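>
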Amino acid sequence: MPRILKSRSRKTGLPPGSLVYVGDKRTAAPKLTAFKYSPTGYEERELKNVENCAELRDPSAVLWVNLDGVDHVDTVSQLGRQFGIHAMVLEDILNTSQRPKKQLSSDYIFMVAKMLYLDPQRRIQVEQVSIVFGRNFVLSFQEEPDSDVFDRVRESIRKNIGAIRTGGADFLAYALLDSIVDQYFVILEEFGERLEAIEQQVINRPELGSSKAIHGLKRDVLFLRRSIWPLREVATSFERSENPLIRPGSMIYFRDVYDHVIEVIDILELFREMVSSMLELYLSSVNNRINEVMKVLTIVTTIFMPLTLIAGIYGMNFDNMPELHWHFGYVWALGLMLLSALVMVGYFRRRRWL
Amino acid sequence: MPRILKSRSRKTGLPPGSLVYVGDKRTAAPKLTAFKYSPTGYEERELKNVENCAELRDPSAVLWVNLDGVDHVDTVSQLGRQFGIHAMVLEDILNTSQRPKKQLSSDYIFMVAKMLYLDPQRRIQVEQVSIVFGRNFVLSFQEEPDSDVFDRVRESIRKNIGAIRTGGADFLAYALLDSIVDQYFVILEEFGERLEAIEQQVINRPELGSSKAIHGLKRDVLFLRRSIWPLREVATSFERSENPLIRPGSMIYFRDVYDHVIEVIDILELFREMVSSMLELYLSSVNNRINEVMKVLTIVTTIFMPLTLIAGIYGMNFDNMPELHWHFGYVWALGLMLLSALVMVGYFRRRRWL
Amino acid sequence: MPRILKSRSRKTGLPPGSLVYVGDKRTAAPKLTAFKYSPTGYEERELKNVENCAELRDPSAVLWVNLDGVDHVDTVSQLGRQFGIHAMVLEDILNTSQRPKKQLSSDYIFMVAKMLYLDPQRRIQVEQVSIVFGRNFVLSFQEEPDSDVFDRVRESIRKNIGAIRTGGADFLAYALLDSIVDQYFVILEEFGERLEAIEQQVINRPELGSSKAIHGLKRDVLFLRRSIWPLREVATSFERSENPLIRPGSMIYFRDVYDHVIEVIDILELFREMVSSMLELYLSSVNNRINEVMKVLTIVTTIFMPLTLIAGIYGMNFDNMPELHWHFGYVWALGLMLLSALVMVGYFRRRRWL
Amino acid sequence: MPRILKSRSRKTGLPPGSLVYVGDKRTAAPKLTAFKYSPTGYEERELKNVENCAELRDPSAVLWVNLDGVDHVDTVSQLGRQFGIHAMVLEDILNTSQRPKKQLSSDYIFMVAKMLYLDPQRRIQVEQVSIVFGRNFVLSFQEEPDSDVFDRVRESIRKNIGAIRTGGADFLAYALLDSIVDQYFVILEEFGERLEAIEQQVINRPELGSSKAIHGLKRDVLFLRRSIWPLREVATSFERSENPLIRPGSMIYFRDVYDHVIEVIDILELFREMVSSMLELYLSSVNNRINEVMKVLTIVTTIFMPLTLIAGIYGMNFDNMPELHWHFGYVWALGLMLLSALVMVGYFRRRRWL
Amino acid sequence: MPRILKSRSRKTGLPPGSLVYVGDKRTAAPKLTAFKYSPTGYEERELKNVENCAELRDPSAVLWVNLDGVDHVDTVSQLGRQFGIHAMVLEDILNTSQRPKKQLSSDYIFMVAKMLYLDPQRRIQVEQVSIVFGRNFVLSFQEEPDSDVFDRVRESIRKNIGAIRTGGADFLAYALLDSIVDQYFVILEEFGERLEAIEQQVINRPELGSSKAIHGLKRDVLFLRRSIWPLREVATSFERSENPLIRPGSMIYFRDVYDHVIEVIDILELFREMVSSMLELYLSSVNNRINEVMKVLTIVTTIFMPLTLIAGIYGMNFDNMPELHWHFGYVWALGLMLLSALVMVGYFRRRRWL
């Protein structure tokens with residue numbers, strides 16, 4: 001089950017705060033991109049190394065640094081040092097089997113979320129995104145560049161769409177989180193279509209092997225739930241907390257993300273129950289078919305056994321069997337068979353088996 | 001599953017606050033109707049365009065504007081500008097896959113609820129209604145005009161029935177919510193009758209394909225639950241909050257709506273459990289019938305196999321078979337068969353299979 | 001399902017606060033009885049009309065008016081006016097599909113509970129009782145006179161048993177509620193006996209159609225739960241609230257009612273789980289019997305098929321079949337059959353099927 | 001189900017506060033024993049009647065009166081009067097179907113718990129114990145003397161073991177409660193062994209009628225849960241409450257009882273899930289055996305039917321059947337049969353049925 | 001079920017606070033090791049007896065004493081006396097069937113956790129670890145030395161890795177707890193691999209006896225849950241409590257342990273649901289196979305019975321059977337058989353059974 005449980009064992013045995021990457025995928029090289037923007041302008045740059053960040057920091061602008069490839073432990077730890085991130089937080093960023101969570105510090109807020117996307121085989125995949133934001137900077141950490149969902153945010157900054165350039169670091173953090181959650185709806189739609197297709201099959205042609213398909217759906221729902229459910233707590237915590245890093249005007253946006261997360265969870269619970277209901281439908285249809293098959297067997301056996309017996313009786317070799325010498329003996333025997341068959345058919349009709 | 005999950009994917013990729021309609025149905029043209037009333041009189045008007053609202057606003061009267069056709073994004077955004085509604089709220093109004101919710105602002109309260117109705121094929125359908133109310137105005141947004149349940153409120157205003165004309169905007173908002181919730185009981189009654197009909201069938205004639213019908217019921221219960229359950233939080237929040245927009249005298253009414261929502265949810269939970277119980281009954285009756293069919297098969301086989309064997313034995317062609325030459329050999333064989341059959345019948349009687 | 005969902009549809013479409021009776025039963029005429037008592041004496045009277053109440057009101061005595069027949073809307077609304085009851089409360093009193101609840105007002109406390117009783121066919125029936133009590137009056141509203149459980153309270157007043165005459169209106173309200181809850185235990189005992197009888201049948205003679213009986217039990221448990229469960233909140237609320245209408249000395253009594261309600265709910269939950277367990281037992285016993293029947297069929301088939309084959313072989317008409325001409329050919333064939341049967345029986349013995 | 005629901009009906013119809021015994025067992029005579037102790041000494045006495053208590057009361061010592069036989073209503077009510085216990089509390093003491101609970105009063109604390117023990121047939125039985133303790137007295141009420149678990153406490157007093165003689169009435173109450181809860185572990189061990197024995201049987205020899213045994217286990221778990229679960233609230237309440245009757249130094253002891261109760265409930269929940277899992281295992285093993293039996297039947301039928309047909313064909317009496325006159329016709333027929341059988345066996349081998 | 005319920009009965013009947021060992025394993029001799037460290041250095045010593053501790057205590061250094069072998073009651077009680085531990089706490093340390101818990105005192109904090117490890121047969125085993133820490137000492141109690149997971153902590157002290165030497169007693173306690181929780185991930189990975197292997201088997205070759213394997217998984221999940229779940233409360237309590245024994249700087253570490261425990265519990269819940277889903281898949285695949293077997297039986301029976309009847313009819317011995325004397329009578333009979341078989345095959349094709 002590599003998808004559900006990433007190997008953490010290589011971490012066991014190390015002292016706490018040790019920076020070790022936990023995860024499957026490996027990228028060739030880390031990719032660092034920086035956006036620096038203020039209401040009046042923006043600058044976009046690909047960074048060669050972490051030191052370049054220093055020259056971009058500017059109290060009157062927001063700096064967003066995005067890293068693709070958290071498996072490069074050195075880059076992560078250098079970034080951490082540059083922005084004053086605690087070693088325990090860096091450890092969580094490097095552990096891609098991390099549960100979605102949020103952690104407050106006096107200087108920054110740290111969030112972990114799961115990004116969902118479809119791989120080329122249209123299987124649902126998950127990737128961890130960590131976001132750290134302080135007064136005028138946002139750091140985002142992704143596992144690999146392919147599954148990026150932040151393009152819409154980049155476009156907003158470039159074209160100065162909506163409130164993003166005036167919104168500060170907290171608004172940017174919201175916009176990133178919102179992109180991730182919006183992507184969930186795409187995945188849920190895809191999943192909903194699959195679910196409906198299998199449901200139609202269970203209803204119309206249950207003889208095809210649906211139980212494995214239903215099990216697959218259930219596994220996916222469990223997997224999605226594990227990725228999304230803890231985000232609920234993250235979203236709630238924004239509402240409750242009064243943190244100077246989140247300006248009052250941004251609260252309505254975080255509240256909106258919360259509403260979306262709740263909606264996603266609602267839909268997931270609905271899917272879960274529909275999968276259960278499909279399984280029950282499938283099981284009862286299997287039993288129904290067993291019943292149908294049994295009826296055919298019983299009807300055939302019950303009709304033919306007496307006929308075979310009659311044929312057997314008149315095949316006996318007794319010297320003294322009067323019917324054998326009747327002129328219409330054969331017709332009599334066939335008539336007896338017909339009668340027996342008709343009686344049986346009548347019986348099954350009355351029991352509503354036919 | 002178009003009914004359960006409306007396509008939101010066209011929204012993904014847009015910056016937050018973008019006004020995009022999410023939903024299936026499309027209406028030809030938006031229909032705007034306005035009611036302006038005070039304890040002493042009322043005025044009812046169909047509005048050509050949103051600008052006409054301005055001339056109706058009057059601090060001493062309550063203005064209720066109802067829009068049929070939220071798919072007309074322009075009309076919604078103009079209304080929003082006129083009444084000072086936040087862009088995020090307008091976004092929620094346009095998203096007809098929204099979860100029932102309530103949101104407070106200093107100037108207005110925003111609620112989303114689901115309206116249920118039966119379509120011509122008597123299937124349960126859902127439509128989203130958004131209500132925004134401030135100090136002396138109420139805006140209501142519906143998807144289409146056909147399923148309107150507000151006629152009773154209109155009638156109350158026209159005929160000055162009850163406290164409606166003296167009640168202010170909060171009372172009108174309550175009256176609209178109450179109409180929606182009252183309609184739920186009609187749907188639940190319809191559903192309860194279906195459930196009872198299928199239950200009677202499961203008890204009396206389980207051989208008819210009931211498992212699909214039960215699955216359909218379960219799907220409907222899940223669907224209803226998804227539409228109604230979140231309204232519970234909405235209703236609770238009225239009780240808790242002390243909002244200047246809701247006058248103390250109106251609290252008892254919102255409390256009443258809350259009681260009704262709880263009752264609806266109670267009934268839904270009851271239905272859910274009854275559907276589960278029906279499925280169990282159905283499954284056990286299928287198994288019982290398998291058992292019945294198996295018994296018939298076993299009885300027939302067990303009685304006829306020995307008879308066939310006896311006939312087979314006396315049909316053997318050995319030179320030296322004394323019974324074949326007895327005068328009453330044939331009668332002996334038939335007697336043997338009768339005896340065998342009687343023994344078997346006796347055995348099944350003792351086992352209570354017959 | 002008339003028992004579970006009373007038709008409320010005739011109410012839909014009316015403005016809130018409209019007084020309409022919701023329920024099935026109709027009584028010929030309302031029956032009004034009044035008790036006026038103080039520590040020193042009591043007066044019992046049957047009232048012709050509601051106006052007579054006025055002359056009985058007396059600040060130094062407690063007045064208890066009981067109405068049998070809430071379907072008489074006029075009587076209820078007149079009583080309401082006399083004692084200053086809010087229109088929304090009267091609406092709830094008239095709606096006999098009301099959920100048990102409690103509502104506070106500055107002048108009175110309003111409670112709804114469900115009275116359970118056995119009808120002549122020993123089916124469990126429910127009736128709604130509404131109790132309104134203020135500083136020195138108690139009103140009780142019942143659907144019909146037959147199922148009355150308040151006789152024990154009347155007797156206490158007449159014979160001055162216990163603290164009732166000195167206890168004030170709150171104590172009387174408690175005593176009425178206590179009578180209703182005590183009656184639940186009688187119903188639960190009856191139900192427990194039924195449950196045990198069906199359980200014995202499932203264990204000893206599962207072939208009788210128990211699945212319908214179990215389904216009936218489950219339906220009854222669901223029904224009882226719906227009637228009783230919300231009373232829990234009612235009972236809790238007494239403990240929490242500090243209401244001048246309830247004197248500190250009465251708190252221990254309301255606490256006692258609460259304990260009983262919790263106990264009733266506990267027992268109901270227990271019944272629910274026992275019914276589930278019985279269903280599982282029943283299902284596994286059905287499957288066990290299928291298994292038994294299958295074994296008999298398989299044993300019979302497996303023993304007789306080879307015998308029939310042997311008989312068939314020696315019934316073939318080949319010219320050259322040496323065995324047919326052996327002197328002991330017939331005995332040989334029968335011996336072969338016996339051997340085959342013994343081998344099969346041995347095989348089934350070893351598999352523990354026999 | 002006499003064990004689960006004791007008849008309370010004889011109580012219905014009596015005014016609240018009436019002292020009536022509710023329970024099954026009857027003892028010949030009440031047995032009153034008293035312990036009076038202080039750090040310096042102790043006195044143990046069997047009391048003839050309740051009045052003797054008066055002379056034992058002494059503000060500088062703790063008095064513990066234990067009554068075996070709560071069915072003697074007079075003795076209970078006299079004790080109540082002596083120690084100033086409220087009538088509602090006495091009513092609860094007499095009602096042996098009482099739910100475990102705790103009630104505070106300014107002068108004493110009242111607790112009800114369930115004592116579990118094995119009867120001579122090793123069935124789990126329950127008995128109610130009520131404990132009332134005040135500043136320097138403890139009253140304990142048991143149903144009958146046989147199942148007493150307080151001997152260890154008596155021994156501690158006599159031999160002055162641990163803190164008991166210096167601990168005051170609250171410590172004694174704790175010690176009694178602790179004895180009851182400790183006894184639960186004995187019962188759970190016994191139950192766990194039974195559960196394991198039945199589990200072994202389900203795994204190794206499921207053909208023996210295990211479904212009734214599993215149902216019995218489930219019934220017992222439900223029964224134990226009902227007896228123990230409410231004690232959780234009792235134990236929690238000690239921690240929360242700041243009652244002058246419980247000295248700060250005793251808190252750690254009551255906390256310990258709470259931990260044990262939680263542990264017992266944990267184990268019970270575990271048992272419950274194990275019983276469910278066993279039932280699932282049993283059901284799937286029954287289905288597996290049905291499958292096995294079906295396979296045997298199908299294999300036998302499928303092998304022998306073609307053979308019987310071949311024999312039947314060569315038993316036909318047509319004038320013109322060349323094979324009948326072949327010299328090796330008989331061998332040919334037998335060879336045909338062998339071939340057919342081998343083909344079938346090969347087919348089943350390939351399907352892995354053999 | 002020795003693994004799930006350790007025998008506590010030998011404790012029943014003893015006064016509270018009696019020090020008795022509850023558990024299965026016995027070690028030859030207790031093993032006491034001590035670490036004394038400060039930021040500037042460390043000293044590691046194996047202690048012969050408890051008295052040696054006294055000389056190691058030093059207010060400017062942290063002293064960690066680890067005991068392997070809690071079955072040596074004397075050693076535990078001597079340690080307790082040395083460090084001023086309450087008798088009730090010592091009782092909990094000696095009871096190895098203790099539930100994970102945390103207890104505060106003014107001088108120390110006491111925690112119980114369960115250590116998981118794989119025994120040589122790769123079965124999951126559990127061992128209790130108790131940790132008591134005060135201002136500058138930490139005591140840890142283990143059942144036996146083999147399953148020790150604290151080596152990584154020892155290594156950190158020796159090599160002065162991370163913050164351990166400067167962190168104080170609370171940091172050491174955290175490090176020990178963290179080692180235990182980290183070990184859980186190793187066990188979960190092992191378990192996840194087993195689960196996946198069995199899942200593959202259920203999907204690909206369900207005919208192998210999987211139901212016992214699934215039951216085993218379920219039992220293990222229940223067992224793991226019982227060991228880990230209560231640790232959640234322990235971990236939460238650190239966050240809530242403001243205890244002078246835990247310095248503010250250590251809070252982030254305990255918070256990290258809490259996150260890990262929640263993650264472990266999440267994974268366990270996921271495993272639980274996957275096991276349930278596997279069982280459902282298995283059950284439906286068994287039913288599917290019953291259906292398959294039944295179909296084969298029915299097809300064979302339905303095809304051969306008519307053929308056997310035709311053979312039987314032409315095996316009858318009537319004098320007057322015209323077909324018998326036809327020249328192509330035999331061919332006619334075989335043709336009839338072929339036709340009948342083809343009709344049947346066609347019928348099964350149409351029903352999609354073939």
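Quick note, the sequences are listed as chains A, B, C, D and E, same order. Taking our numbering, the leading residue of the first sequence gets 1, the next gets one more, and so forth. Taking our numbering, the leading residue of the second sequence gets 1, the next gets one more, and so forth. Taking our numbering, the leading residue of the third sequence gets 1, the next gets one more, and so forth. Taking our numbering, the leading residue of the fourth sequence gets 1, the next gets one more, and so forth. Taking our numbering, the leading residue of the fifth sequence gets 1, the next gets one more, and so forth. Every residue, glycine too, gets a C-beta built ideally from N, C-alpha and C. Keep in mind that this is a model prediction, so the values were computed, not measured.
(1) Under the three-state reduction of DSSP, which class applies to residue 66 of chain A: helix, strand or coil?
(2) Measuring CA to CA, which of E:315, E:140, E:75, E:265 is closest to residue 30 of chain E?
(3) Would you kindly work out how many angstroms separate the C-alpha atoms of residue 134 of chain C and residue 175 of chain B, rounded to a whole number?
(4) In three-state terms, what does DSSP make of residue 131 of chain E?
(5) If we count the other Cβ atoms within 10 Å of its Cβ and call it buried at 16 or more, is residue 257 of chain B buried or exposed?
(6) When Cβ atoms are compared, which residues of the region 74-90 of chain B fall closer than 8 angstroms to chain A?
(7) Looking at C-beta atoms only, is the number of pairs between the region 287-305 of chain C and the region 300-307 of chain D that lie closer than 8 angstroms three or more?
(8) Would you mind stating whether residue 112 of chain D and residue 128 of chain D have Cβ atoms separated by less than 8 angstroms?
(9) If you follow the beta strand (DSSP E) that residue 41 of chain C is part of, which residue opens it and which one closes it?
(10) Tell me where the alpha helix (DSSP H) around residue 363 of chain B begins and ends.
(11) In the DSSP assignment, what residue or residues form a beta bridge with residue 103 of chain B?
(12) Is residue 187 of chain A a contact residue of the ligand COA, with contact defined as CB to any heavy atom under 7 angstroms?
(13) Quick one: which chain D residues come within Cβ less than 7 angstroms of residue 306 of chain C?
(14) In chain B, what lies closer than 8 angstroms to residue 247 of chain C by C-beta?
(15) Taking Cβ-Cβ distances shorter than 9 angstroms, what residues in chain A pair up with residue 294 of chain B?
(16) When you compare the region 72-88 of chain D with the region 113-120 of chain D, are there three or more beta-carbon pairs, one atom per stretch, that lie closer than 8 angstroms?
(17) Relative to chain E, which residues along the region 324-342 of chain A have a C-beta separation below 7 angstroms, given in chain order?
(18) Is residue 301 of chain A buried or exposed, if buried means 16 or more other CB atoms sit within 10 Å of its CB?
(19) Can you find a CB in chain E that lies within less than 8 angstroms of the CB of residue 263 of chain D?
(20) Determine the DSSP secondary structure at residue 330 of chain A, reduced to helix, strand or coil.
(21) My output table needs one value for residue 246 of chain A: the three-state DSSP class, helix, strand or coil.
(22) Which partner residues of residue 171 of chain A appear in the DSSP bridge assignment?
(23) Does the contact criterion of 3 or more C-beta pairs under 8 angstroms hold for the region 321-339 of chain E versus the region 225-244 of chain E?
(24) Express the C-alpha separation of residue 221 of chain D and residue 273 of chain D in angstroms, rounding to a whole number.
According to the structure shown:
(1) Here residue 66 of chain A corresponds to residue number 66 of the first sequence, with the count starting at 1. Reduced to three states, the DSSP call for residue 66 of chain A is strand.
(2) Counted from its first residue, the fifth sequence places residue 30 of chain E at position 30. Nearest option by C-alpha distance: E:75.
(3) One-based indexing of the third sequence puts residue 134 of chain C at position 134. One-based indexing of the second sequence puts residue 175 of chain B at position 175. Their Cα atoms are separated by approximately 29 angstroms.
(4) Indexing the fifth sequence from 1 puts residue 131 of chain E at position 131. Residue 131 of chain E falls in the strand class under three-state DSSP.
(5) The residue given as residue 257 of chain B occupies position 257 in the second sequence. Residue 257 of chain B is buried by the Cβ-count criterion.
(6) 86, 88
(7) yes
(8) Indexing the fourth sequence from 1 puts residue 112 of chain D at position 112. Indexing the fourth sequence from 1 puts residue 128 of chain D at position 128. Their beta carbons are under 8 angstroms apart, which means residue 112 of chain D touches residue 128 of chain D by this criterion.
(9) For the purposes of this step, residue 41 of chain C is taken as residue 41 along the third sequence, with counting starting at 1. Annotation for residue 41 of chain C: the continuous beta strand (DSSP E) segment containing it runs 41-47.
(10) An answer regarding residue 363 of chain B cannot be provided, because it is not within the stretch 1 to 354 covered by chain B.
(11) For the purposes of this step, residue 103 of chain B is taken as residue 103 along the second sequence, with counting starting at 1. Looking at the DSSP assignment, residue 103 of chain B forms a beta bridge with B:110.
(12) This structure simply doesn't include the ligand COA, nor any ligand for that matter.
(13) To locate residue 306 of chain C, count along the third sequence from 1; it is residue 306. The answer, in chain order, is 304.
(14) The residue labelled residue 247 of chain C in the question sits at position 247 within the third sequence. Near residue 247 of chain C there are no residues of chain B at all, since even the closest Cβ is about 26 angstroms away, more than 8 angstroms.
(15) Start at 1 with the first residue of the second sequence, and residue 294 of chain B comes out as number 294. In chain order: 294, 298.
(16) Taking a contact to require three or more Cβ pairs closer than 8 angstroms, the region 72-88 of chain D and the region 113-120 of chain D do not qualify as touching.
(17) 324, 325, 327, 329, 330, 333
(18) Counting from 1 along the first sequence, the entry for residue 301 of chain A is found at position 301. So residue 301 of chain A counts as buried.
(19) Here residue 263 of chain D refers to the residue found at position 263 of the fourth sequence. True, the Cβ-Cβ gap to chain E drops below 8 angstroms.
(20) Your numbering for residue 330 of chain A matches position 330 in the first sequence. Three-state DSSP puts residue 330 of chain A in a helix.
(21) Position 246 of the first sequence, counted from the start, is the residue given in the question as residue 246 of chain A. If DSSP states are grouped into helix, strand and coil, residue 246 of chain A belongs with coil.
(22) By one-based count along the first sequence, residue 171 of chain A stands at place 171. Partner(s): none; residue 171 of chain A has no beta bridge.
(23) Below 8 angstroms, too few C-beta pairs join the region 321-339 of chain E and the region 225-244 of chain E to call them touching: fewer than three.
(24) Translated into positions along the fourth sequence, residue 273 of chain D becomes position 273. Translated into positions along the fourth sequence, residue 221 of chain D becomes position 221. Whole-angstrom Cα-Cα distance: 10 angstroms.
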